[in-house]
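Numbering of the sequence shown is given in my numbering, commencing with residue 37 and proceeding in unit increments.
Just so you know, even glycine gets a beta-carbon here, dropped at the ideal spot from N, CA and C.
None of these values were measured; they are calculated from a predicted model.
Here is the structure we will look at, set down as structure tokens.
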Amino acid sequence: MIKTVQHYINGQFINSQCGEFFDNYNPATNELISKVALGREFEVNAAVKAAQDALKGEWGSMKLNDRIALMYEIASEMDRRFDDFLEAETLDTGKPYSIARHIDIPRGAANFKVFADTMKSAADEAYRMDTPDGKIAMNYSMRQAKGVIAVISPWNLPLLLMTWKVGPALACGNTVIVKPSQVTPTTTSLLGEVMSKVGVPKGVYNVVQGKGSITGNILSAHQGVNAITFTGETSTGELIMKACALGVRDVSLELGGKNPAIIFDDCDMDKAINETTRSVFANSGQVCLGTERVYVQRAIFDEFVSKLKDKASKLVLGIQHDESSDMGPLVSSAHRDKVLSYYKKALDEGAKLIIGGGVPTMTGKLKDGYWVEPTIWTGLNENATVVKEEVFGPCCHIAPFDTEEEVIEMANNSPYGLASTIFTENLDKAHRVASKIDSGIVWVNSWFLRDLRTPFGGMKGSGIGREGGHHSLEFYTELKNICIKM
Ligand code: 6OD
């Protein structure tokens, strides 16, 4: 049966006033799975009003301890409904259970607990001062909620990245309006059920479903929204930043990447191959932290290429609920067409195809899904399109290098600077190179190893601001100084 995915506004699930819906497909089969309500001005206005009213009501005056307890309740209820979230997320995205069960769904609940703890343990500053008239004054800082936060979240890790923003926003006492990606609407709606169940006051968590070009634009421009947090493409981030200029509203952007992996000839080869297999192909390459440029020191270049090819050849493409599936399809037919156009361009520009490069042969219902092959190229120069532009698919280009200085220059030669990986068994070299790479995150001998207390964000075109641990508090609160003359 085709389901309906609604808005969740002021504690109620509702359709659009205009009655419009759009279609949501299973990427593995191209079957219609739901009709999604399309939000316009009416729904955005209603959500902003509900979010503002909630700040003036019970939520706005709730004690920190009660808010923190509620955050823990949300996490527990998400754990109780683990299987519902797993099913919804894997149907919307096509990603295998094997990934979602270990990464996406557990991180949803963790994002509420970690930021509840962060908020509870946050310290304020205090300064005692002598005044000009010989008295004493005391300054102390306090954090207050910023207000109504718009959360515009992407389709690649929908629940993980939405709660990565909603968790700290609510822990800090804000209210939120979430606009999930139009192709992955379902888990935001399920989270509405969780909020209702555990008694989060109405208007605190709101969801307006819709398309970026319609609903996203209306929400970004709304002057009742005090700040916007967005994860997605750099070009959309630029538009959101422009919208935030009006009303001088704060913005946090986590954008694209063209992340390098640097493999030195003193690396542990098994570690480098295993982690790079994950960083290139996990989630079908649809991870902003994923590797798309691999630089391998010349002495081990051929061995590395052949071993990564071997790993790629063994990846099992399959339907989400098949436990043997390693890789799902791409998220939409439009994205599949974009990735395939890059596959073609790589060959047009003279790449040597090591493996993949096209559409795999799938059978039965999977024939109509948005599948592409895991792909590796070599032989391109540093100005080739697939070495410069973010593809966001299961693919990488591998190039040889000779010296440390040379590879640092190659790695940094990008308009992006989100994440990088370095593989070496030499600790001095790891520290030295990590300090010179222009990216917000550097993993040494690993990838996507996350401690949620750490600063997370990108340099250059990869974003603005840092979230994670107390850095999230910087974005989700206003810091106020109170000076008391004794
Ligand atoms: O792990 C996280 O907190 C995070 N923000 C991951 C982002 C992945 C982008 O695709």
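What do you reckon, is the C-beta of E290 under 8 Å from a heavy atom of the ligand 6OD? In the sequence shown, counting from the first residue as 1, residue 290 sits at position 254. Yes - the ligand 6OD has a heavy atom lying nearer than 8 Å to the Cβ of E290.
Check: G504 C-beta below 8 Å from any heavy atom of the ligand 6OD: Working through the sequence shown from its first residue, we reach residue 504 at position 468. Correct: G504 has its Cβ closer than 8 Å to the ligand 6OD.
Contact check, I391 vs P410, beta carbons under 9 Å: Along the sequence shown, read from residue 1 onward, the residue named residue 391 stands at position 355. Along the sequence shown, read from residue 1 onward, the residue named residue 410 stands at position 374. Yes; because the gap between Cβ atoms is below 9 Å, this pair is in contact.
Spatial neighbours of A152 in its chain, beta-carbon cut-off 7 Å, leaving aside the 5 residues before and after: The residue given as residue 152 occupies position 116 in the sequence shown. So the list reads I104, M107, Y108, A207, once near-sequence residues are dropped.
Under three-state DSSP, which class holds E274? The count along the sequence shown starts at 1 and reaches residue 274 at position 238. Residue state, collapsed to three classes: helix.
So what does DSSP say about N60, is it helix, strand or coil? Counting from 1 along the sequence shown, the entry for residue 60 is found at position 24. Here N60 sits in strand by DSSP.
With respect to 8 Å, is the separation between the Cβ of N192 and the closest non-hydrogen atom of the ligand 6OD below this value? As a working mapping, residue 192 is identified with position 156 in the sequence shown. N192 Cβ: within cutoff of the ligand 6OD.
So does F317 have its beta carbon nearer than 8 Å to some heavy atom of the ligand 6OD? For the purposes of this step, residue 317 is identified with residue 281 of the sequence shown, where counting begins at 1. Not under cutoff, so the answer is no.
From what residue to what residue does the alpha helix (DSSP H) around L100 run? As a first step, residue 100 is located in the sequence shown; it is residue number 64 there, counting from the start. 100-116 is the extent of the alpha helix (DSSP H) around L100.
Measuring CB atoms only, is the stretch 478-493 touching the stretch 118-136, in the sense that at least three cross pairs come out at less than 8 Å? no
Locate the beta strand (DSSP E) running through I69, then write down its first and last residues. As a position in the sequence shown, residue 69 is number 33, starting the count at 1. Taken as a continuous stretch (DSSP letters only), the beta strand (DSSP E) holding I69 covers 67-73.
Can you tell me the Cα-Cα spacing of S450 and K294, whole angstroms? For the purposes of this step, residue 450 is identified with residue 414 of the sequence shown, where counting begins at 1. For the purposes of this step, residue 294 is identified with residue 258 of the sequence shown, where counting begins at 1. Looking at the two C-alpha atoms, the distance is approximately 7 Å.
Nonlocal neighbours in the same chain, by C-beta distance under 6 Å from K472, ignoring five residues either side: Position 436 of the sequence shown holds residue 472. Closer than 6 Å at the Cβ level, and outside the excluded window around K472, lie I444.
Cβ-based neighbour list, C303, same chain, cut-off 8 Å, excluding 5 preceding and 5 following: The count along the sequence shown starts at 1 and reaches residue 303 at position 267. The residues are I336, F459, T460, E461, N481.
Indicate, with yes or no, if the ligand 6OD has a heavy atom lying under 8 Å from the CB of F151. Taking the first residue of the sequence shown as 1, we reach residue 151 at position 115. No, the beta carbon of F151 sits no closer than 8 Å to any heavy atom of the ligand 6OD.
Please give me, in chain order, every unbroken run of the beta strand (DSSP E) with length at least 3 that falls completely inside the stretch 202-233. 211-215
E425 - DSSP class collapsed to helix/strand/coil: Counting from 1 along the sequence shown, the entry for residue 425 is found at position 389. In the three-state reduction of the DSSP assignment, E425 falls in the coil class, being assigned neither a helical nor a strand state.
Buried or exposed for P194, going by 16 or more other Cβ atoms inside 10 Å? Here residue 194 is taken as the residue at index 158 of the sequence shown, counted from 1. Buried, since its Cβ has 16 or more Cβ neighbours within 10 Å.
Should E311 go down as buried or exposed, given a rule of 16 or more other Cβ atoms within 10 Å for buried? As a first step, residue 311 must be located in the sequence shown, where it is residue number 275. When all chains shown are included, E311 counts as buried.
One question on the structure: do L416 and V422 come within less than 9 Å of each other, judged by their Cβ atoms? Here residue 416 corresponds to residue number 380 of the sequence shown, with the count starting at 1. Here residue 422 corresponds to residue number 386 of the sequence shown, with the count starting at 1. Closer than 9 Å, so yes.
Run through DSSP, which three-state label would K345 get? In the sequence shown, residue 345 corresponds to position 309, counting from 1. Residue state, collapsed to three classes: helix.
Quick check: what's the CA-CA separation for S288 versus G400? Here residue 288 is taken as the residue at index 252 of the sequence shown, counted from 1. Here residue 400 is taken as the residue at index 364 of the sequence shown, counted from 1. S288 and G400: Cα-Cα distance of roughly 43 Å.
When the Cα of K99 is compared with those of M155, A83, I298, S249, which residue comes out closest? For the purposes of this step, residue 99 is identified with residue 63 of the sequence shown, where counting begins at 1. Measuring from the Cα of K99, the nearest candidate turns out to be M155.
With DSSP as the reference, please indicate the residues paired to H43 in a beta bridge. Along the sequence shown, read from residue 1 onward, the residue named residue 43 stands at position 7. Paired residues: I50.
Just to confirm, is the Cβ distance from S189 to K171 under 9 Å? Taking the sequence shown and counting its residues from 1, one reaches residue 189 at position 153. Taking the sequence shown and counting its residues from 1, one reaches residue 171 at position 135. Cβ distance not < 9 Å, so S189 and K171 don't count as in contact.
Just the Cα atoms here: how many angstroms apart are D380 and G393? Translated into the one-based positions of the sequence shown, residue 380 becomes position 344. Translated into the one-based positions of the sequence shown, residue 393 becomes position 357. As written in the sequence, residue 380 is Lys, which differs from the Asp given in the question. Distance between the alpha carbons of K380 and G393 is about 8 Å.
Are the CB atoms of R489 and G504 nearer to each other than 9 Å? Along the sequence shown, read from residue 1 onward, the residue named residue 489 stands at position 453. Along the sequence shown, read from residue 1 onward, the residue named residue 504 stands at position 468. Yes; because the gap between Cβ atoms is below 9 Å, this pair is in contact.
Within 9 Å, strictly: CB atoms of R285 and E514: Position 249 of the sequence shown holds residue 285. Position 478 of the sequence shown holds residue 514. It is not a contact, given that the beta carbons lie outside the stated cut-off.
R468 by DSSP, collapsed to three states: which one? Counting from 1 along the sequence shown, the entry for residue 468 is found at position 432. Reduced to three states, the DSSP call for R468 is helix.
Are there three or more Cβ pairs, one per stretch, closer than 8 Å when the stretch 84-100 is compared with the stretch 216-233? No contact exists between the stretch 84-100 and the stretch 216-233.
Are there 16 or more other CB atoms within 10 angstroms of the CB of G497, so buried, or fewer, so exposed? Here residue 497 refers to the residue found at position 461 of the sequence shown. It counts as buried.
Suppose the cutoff is 6 Å on Cβ atoms and the five residues either side in sequence are ignored; what does the same chain contact list for F300 look like? As a position in the sequence shown, residue 300 is number 264, starting the count at 1. Hits under 6 Å: Q333, T460.
Flag K521 as yes if its beta-carbon sits less than 9 Å from any beta-carbon of chain C, otherwise no. Here chain C cannot be found, since the structure has a single protein chain.
Taking C-beta to C-beta, are F266 and T199 nearer than 9 Å? If you number the sequence shown from 1, residue 266 lands on position 230. If you number the sequence shown from 1, residue 199 lands on position 163. In this structure, T199 does not lie closer than 9 Å to F266 by Cβ.
Got a sec: does the ligand 6OD put a non-hydrogen atom nearer than 8 Å to the Cβ of V84? Here the question's residue 84 lines up with position 48 in the sequence shown. Answer for V84: no, Cβ out of range of the ligand 6OD.
Can you round the beta-carbon distance between N419 and N175 to whole angstroms, since I take them to be within the 8 Å contact cut? Working through the sequence shown from its first residue, we reach residue 419 at position 383. Working through the sequence shown from its first residue, we reach residue 175 at position 139. Actually they do not touch by this definition, with Cβ atoms about 54 Å apart.
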